[in-house]
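Colleague: Residue numbers (the working numbering): 2 to 332. Note that the Cβ used here is the ideal one computed from N, Cα and C, for glycine as well.
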Ligand code: UT7
């Protein structure tokens, strides 16, 4: 990787709404069981935002906590990047609402939609901007209110997702630390695997789209599952090969939290112990673009990561998209 200066994550933060929906609660809403959800996914509960709490509210709170951890003020932030596929509105961007809520008056702001890979895309992009010297401080946030765009009559999807946000401050760090390599990928031929069909230019809102329940997320779970199992290993190796490292050099893998069976299968493909792969699925479900930064914030705050540890962040999602980042923890 060609870097002009070392860049890393200097602070993380996360936020989840208070309300918890358990598998037992879901048994009363759709034809499902705690046993099915637990054995097929590993999820036990998820956090759900109320009507008044928007993606930008959660993004702002996670961002505030990340800025505090990095020891910076809102004025220091030059760019805010919000990765989301459940924005407050189609126009304007959730990043602009977030910028206003945070009072970051010196910052540019825009959204990025790479599905569940959004945070990986954001950090890759932001770290390159900081490495180039063009920017010094960028706030990257993954935030989702997916429960607001779920079909609560569709047991194939409504049991899987949760709400929340996670954030990271991207800044120069001391030599020998920070982001070592990253790789991004996409395969648009799998666009129909995870989609929210109506409400934009392709299928504008109409009585028919509402009657057909096309304003909710649809997913071909099996197809996504198969794709996910192989892509975790594939895209991780692309980055590791670029920088001359192997899984043996990695202390902890922080993956997108979609399904524990996907993580177990990925561990087998990678030939790493399952204890090297962090999972918090049981408590949060799949929070899409927020899942990697929420998990990262957890491992940082609970002391699972110490200065000098090598982390692998890896995700896949709607698009289809995928990506991985290797970094040496700098704090
Ligand atoms: O973040 C990226 C987005 N998403 C993902 O990563 C999801 C990836 N996919 C998966 O995690 C899994 O494919 C699912 C958890 C979505 C589904 O698990 P599965 O083992 O692939 O189940 P399946 O779709 O093959 O369904 C098996 C059965 C079906 O019944 P029949 O047709 O065999 O009678 C489903 O109707 O399980 C049924 N089923 C349920 N049963 C109880 C599906 N959802 C439920 C449910 N409760 N919630």
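Can you determine whether any heavy atom of the ligand UT7 sits closer than 7 Å to the C-beta of residue 223, and answer yes or no?
Modeller: The residue labelled residue 223 in the question sits at position 222 within the chain shown. Because some heavy atom of the ligand UT7 lies under 7 Å away, the Cβ of residue 223 counts as near it: yes.
Colleague: Taking Cβ to Cβ, would you say residue 11 is nearer than 8 Å to residue 60?
Modeller: On the chain shown, residue 11 is found 10 positions in, with the first residue counted as 1. On the chain shown, residue 60 is found 59 positions in, with the first residue counted as 1. In this structure, residue 60 does not lie closer than 8 Å to residue 11 by Cβ.
Colleague: For residue 63 and residue 289, I'd like the C-alpha separation in whole angstroms.
Modeller: Position 62 of the chain shown holds residue 63. Position 288 of the chain shown holds residue 289. Residue 63 and residue 289: Cα-Cα distance of roughly 15 Å.
Colleague: Going by alpha carbons, who is nearest to residue 185 out of 331, 30, 56 and 126?
Modeller: Position 184 of the chain shown, counted from the start, is the residue given in the question as residue 185. Closest option to residue 185, Cα to Cα, is 126.
Colleague: With residue 282 and residue 42 assumed to form a contact (beta carbons below 8 Å), what rounded beta-carbon distance in angstroms separates them?
Modeller: As a working mapping, residue 282 is identified with position 281 in the chain shown. As a working mapping, residue 42 is identified with position 41 in the chain shown. Contact flag correct, Cβ pair sits at about 7 Å.
Colleague: Using the Cα positions of residue 326 and residue 266, report the straight-line distance between them to the nearest angstrom.
Modeller: Position 325 of the chain shown, counting from 1, holds the residue named residue 326. Position 265 of the chain shown, counting from 1, holds the residue named residue 266. Taking the straight line from one Cα to the other gives about 20 Å.
Colleague: By how many angstroms is the C-alpha of residue 120 removed from the C-alpha of residue 58?
Modeller: In the chain shown, counting from the first residue as 1, residue 58 sits at position 57. In the chain shown, counting from the first residue as 1, residue 120 sits at position 119. Near 17 Å, if we compare the C-alpha coordinates of residue 120 and residue 58.
Colleague: Using a Cβ distance threshold of 8 Å, determine whether the segment 224 to 238 contacts the segment 291 to 309, with at least three qualifying pairs required.
Modeller: no
Colleague: Who are the near neighbours of residue 25 in its chain, counting only those whose CB is closer than 7 Å to its CB and skipping five residues on each side?
Modeller: Residue numbering aside, residue 25 sits at position 24 when the chain shown is read from its first letter. Result list for residue 25: 35, in chain order.
Colleague: Note down, one range per segment and in chain order, each beta strand (DSSP E) of at least 3 residues found wholly within the segment 178 to 213.
Modeller: 179 to 187
Colleague: Would you call residue 91 buried or exposed, if buried means 16 or more other Cβ atoms sit within 10 Å of its Cβ?
Modeller: If you number the chain shown from 1, residue 91 lands on position 90. It counts as exposed.
Colleague: Go to residue 23, then tell me how far its beta strand (DSSP E) extends in each direction, as first and last residue.
Modeller: Reading the chain shown from its first residue, position 22 is the one you call residue 23. Looking at the DSSP string, the run of the beta strand (DSSP E) that includes residue 23 is 21 to 23.
Colleague: Quick one: Cα of residue 247 to Cα of residue 270, how far?
Modeller: Counting from one through the chain shown, the residue named residue 247 turns up at place 246. Counting from one through the chain shown, the residue named residue 270 turns up at place 269. Rounded to the nearest angstrom, the two C-alpha atoms are 13 Å apart.
Colleague: Among 54, 70 and 220, whose alpha-carbon lies nearest the alpha-carbon of residue 170?
Modeller: Your numbering for residue 170 matches position 169 in the chain shown. Considering only alpha carbons, the answer is 70.
Colleague: Give me the DSSP bridge partner(s) of residue 172.
Modeller: Reading the chain shown from its first residue, position 171 is the one you call residue 172. Residue 172 pairs with 9.
Colleague: How should residue 104 be labelled, buried or exposed, when 16 other C-beta atoms within 10 angstroms of its C-beta is the threshold for buried?
Modeller: One-based indexing of the chain shown puts residue 104 at position 103. For residue 104, the number of other beta carbons within 10 angstroms of its own is below 16, and it is reported as exposed.
Colleague: Rounded to whole angstroms, how far is the Cβ of residue 173 from the Cβ of residue 301, which I believe are closer than 8 Å?
Modeller: Position 172 of the chain shown, counted from the start, is the residue given in the question as residue 173. Position 300 of the chain shown, counted from the start, is the residue given in the question as residue 301. Not confirmed; about 19 Å, so no contact.
Colleague: Leaving out five residues before and five after residue 234 in sequence, what residues of the same chain have Cβ atoms less than 8 Å from its Cβ?
Modeller: In the chain shown, counting from the first residue as 1, residue 234 sits at position 233. Cβ within range, chain order: 267, 270 and 271.
Colleague: Among 20, 257 and 237, which has the Cα closest to the Cα of residue 249?
Modeller: On the chain shown, residue 249 is found 248 positions in, with the first residue counted as 1. Its Cα nearest to that of residue 249, the residue 237 stands out among 20, 257 and 237.
Colleague: Taking 8 Å as the cut-off, does the segment 252 to 259 touch the segment 316 to 324 (at least 3 CB pairs, one atom from each stretch)?
Modeller: yes
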